[in-house]
Amino acid sequence: MKITKVQKFIKNNEAYLITNNYNISYLLENDESLPEEKTAILLITKKEVYIFKNPLSELKIGKRGISKNKIKIIVLSKETPLTKTLKDIFTLHNINNLFFEESDLKVKELETIKNNLRGVKFLKSNSFIESLRITKTEEEIRLLKRAQTLSLKCLNKGIEFIKQNKLKHITEKDLSAFLLYEINKIKDCKESFSPVVAFDKNSAIPHHYPTNKKITKGVLLIDLGVKYKGYCGDITRTIYFGKPDRKFIYRYNLVKTAKNLATNEAKPGKSFYDIHQLVVDYFTKYKVDKYFIHSIGHGIGREVHEKPIVSAGDKLTKNCVITIEPGLYFPNKYGIRIEDMVVISE
Numbered sequence: 000m001k002i003t004k005v006q007k008f009i010k011n012n013e014a015y016l017i018t019n020n021y022n023i024s025y026l027l028e029n030d031e032s033l034p035e036e037k038t039a040i041l042l043i044t045k046k047e048v049y050i051f052k053n054p055l056s057e058l059k060i061g062k063r064g065i066s067k068n069k070i071k072i073i074v075l076s077k078e079t080p081l082t083k084t085l086k087d088i089f090t091l092h093n094i095n096n097l098f099f100e101e102s103d104l105k106v107k108e109l110e111t112i113k114n115n116l117r118g119v120k121f122l123k124s125n126s127f128i129e130s131l132r133i134t135k136t137e138e139e140i141r142l143l144k145r146a147q148t149l150s151l152k153c154l155n156k157g158i159e160f161i162k163q164n165k166l167k168h169i170t171e172k173d174l175s176a177f178l179l180y181e182i183n184k185i186k187d188c189k190e191s192f193s194p195v196v197a198f199d200k201n202s203a204i205p206h207h208y209p210t211n212k213k214i215t216k217g218v219l220l221i222d223l224g225v226k227y228k229g230y231c232g233d234i235t236r237t238i239y240f241g242k243p244d245r246k247f248i249y250r251y252n253l254v255k256t257a258k259n260l261a262t263n264e265a266k267p268g269k270s271f272y273d274i275h276q277l278v279v280d281y282f283t284k285y286k287v288d289k290y291f292i293h294s295i296g297h298g299i300g301r302e303v304h305e306k307p308i309v310s311a312g313d314k315l316t317k318n319c320v321i322t323i324e325p326g327l328y329f330p331n332k333y334g335i336r337i338e339d340m341v342v343i344s345e
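Residues 0 to 345 in numbering that gives the first Met the number 0 are what the sequence shown lists, from first letter to last.
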């Protein structure tokens with residue numbers, strides 16, 4: 000049970016306030032992500048678990064999570080505001096240290112809580128729960144694999160959609176809308192992010208937003224993800240409609256080889272940054288490194304971008320899940336990116 004990991008981390012006189020929706024969903028082990036807006040706050044003490052929610056929100060607790068009879072649910076209102084409720088709980092349990100999520104709480108929110116909890120020492124969490132989320136359980140890996148399988152299925156449907164329409168009238172926006180429709184009609188699914196559909200010169204922009212540009216013959220880059228029961232998929236393919244020239248084939252094979260090199264190197268204990276540098280060195284050998292303008296990948300799970308992080312030099316651990324996505328982007332010509340998810344194993 001994931002909440003017990005937090006309870007082992009804190010001392011008897013400490014509490015942990017969780018305001019990040021993804022962290023709350025993770026700790027409650029539910030199959031759905033919470034809405035983007037804050038509808039619940041989680042407070043964990045050494046022996047108790049409290050959920051503060053607004054009257055209209057429906058909060059689900061996963062079958063593998065803490066049992067409902069061990070959680071105290073408090074509905075917030077004008078009569079029972081968060082600050083007063085926290086003060087009462089802290090007095091009851093003699094809490095004088097509070098861990099909080101510094102990257103999530105707004106300054107004004109934090110100041111309001113501080114002003115009502117005089118004498119309590121506020122401690123930055125330093126992304127403790129985000130670090131817990133790096134190593135996935137067998138069930139999380141199953142959900143992520145399913146999300147990626149569905150992502151590939153929807154991407155292939157998109158390619159067929161273009162072929163069936165004979166490359167005549169489909170625009171980037173049309174294809175993006177079709178992909179969103181295909182994703183959202185699957186049970187327990189929604190998009191991990193808005194699909195990237197980039198044709199021709201637009202494919203040289205890594206996170207291009209779809210336009211009314213018609214898809215004809217040439218390079219098409221599609222990057223999409225299906226979120227299945229709260230866990231994200233993320234896949235990218237670069238397709239050439241028509242007959243590609245030798246230079247494109249050569250560059251495509253460079254990207255494909257780079258992906259294979261990085262995937263083979265992705266093992267427990269390896270620095271994510273070192274894997275990135277391996278690809279940089281490979282592209283440098285072939286004098287195309289200046290066209291590789293982003294990191295080799297990112298961690299993925301409840302969020303499409305999460306720990307481990309390349310720039311932080313995070314180490315890969317057994318059962319963490321990352322993306323490997325090398326790309327080359329040639330301004331005013333085209334871009335090539337291939338992306339897959341990788342489960343780190345021995």
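We put the beta carbon where it would ideally sit given N, CA and C, even for glycine.
Closest by C-alpha distance to ILE295, out of PRO325, LYS289 and PRO267, is PRO325. Below 8 Å, too few C-beta pairs join the segment 278-288 and the segment 189-199 to call them touching: fewer than three. Straight-line spacing of the CA atoms in ILE185 and PHE192 works out to 16 Å.
GLY298 counts as buried, since no fewer than 16 other beta carbons sit within 10 angstroms of its beta carbon. Per DSSP, reduced to three states, the secondary structure at ALA14 is strand. Judged by DSSP in its simplified three-state form, GLY118 adopts coil rather than helix or strand. In the structure shown, VAL309 adopts coil according to DSSP, grouped into three states. In the DSSP secondary-structure assignment, PHE127 is not bridged to any residue. Measuring C-alpha to C-alpha distances from LEU16 to each of GLU28, LYS113, LEU223 and ILE140 identifies LYS113 as the nearest.
According to the DSSP secondary-structure assignment, ALA197 is paired through a beta bridge with LEU220. Taking 7 Å as the cut-off, the Cβ atoms of ILE221 and LEU154 count as close. When only Cα atoms are considered, VAL309 and LYS45 end up about 34 Å apart. Pairing LEU178 with ASP187, the inter-Cα distance amounts to about 16 Å.
The three-state secondary structure of SER102, taken from DSSP, is coil. As a beta-bridge residue in DSSP terms, LYS52 pairs with ALA39 and VAL74.
Three or more beta-carbon pairs separated by less than 8 Å are not found between the segment 203-220 and the segment 252-263, which leaves the two stretches without contact. For VAL320, no alpha helix (DSSP H) encloses it; the enclosing beta strand (DSSP E) starts and ends at 320-323. Taking PHE160 as the centre and dropping the five residues before and after it, the same chain places the C-beta of PHE177 closer than 6 Å to its C-beta, in chain order. DSSP places LYS226 in the uninterrupted beta strand (DSSP E) bounded by 225-227.
Exclusion of the five residues before and after ILE169 leaves ILE161 and ILE214 as the residues of its chain whose Cβ lies within less than 6 Å of its Cβ. Between TYR281 and LEU142, the CB-CB gap reaches or exceeds 7 Å. For ILE88, there is no enclosing beta strand (DSSP E); the enclosing alpha helix (DSSP H) covers residues 81-92.
For LEU122, the CB contacts under 7 Å within the same chain, skipping 5 residues up- and downstream, are ASN96, LEU97 and PHE98 in chain order. In the displayed model, LYS4 falls within a helix according to three-state DSSP. Between LEU26 and ILE2, the C-beta spacing is below 7 Å.
Straight across, the Cα-Cα distance linking PRO330 with TYR290 is about 9 Å.
Distance from the CA of VAL225 to the CA of LYS144, rounded to the nearest whole angstrom, comes to 11 Å. With respect to LEU219, ILE238 sits close: the two C-beta atoms are nearer than 7 Å. For LYS246, the enclosing alpha helix (DSSP H) stretches over residues 245-264. Comparing alpha-carbon positions, the option among PRO54, ILE94 and ASN93 lying closest to GLU78 turns out to be PRO54.
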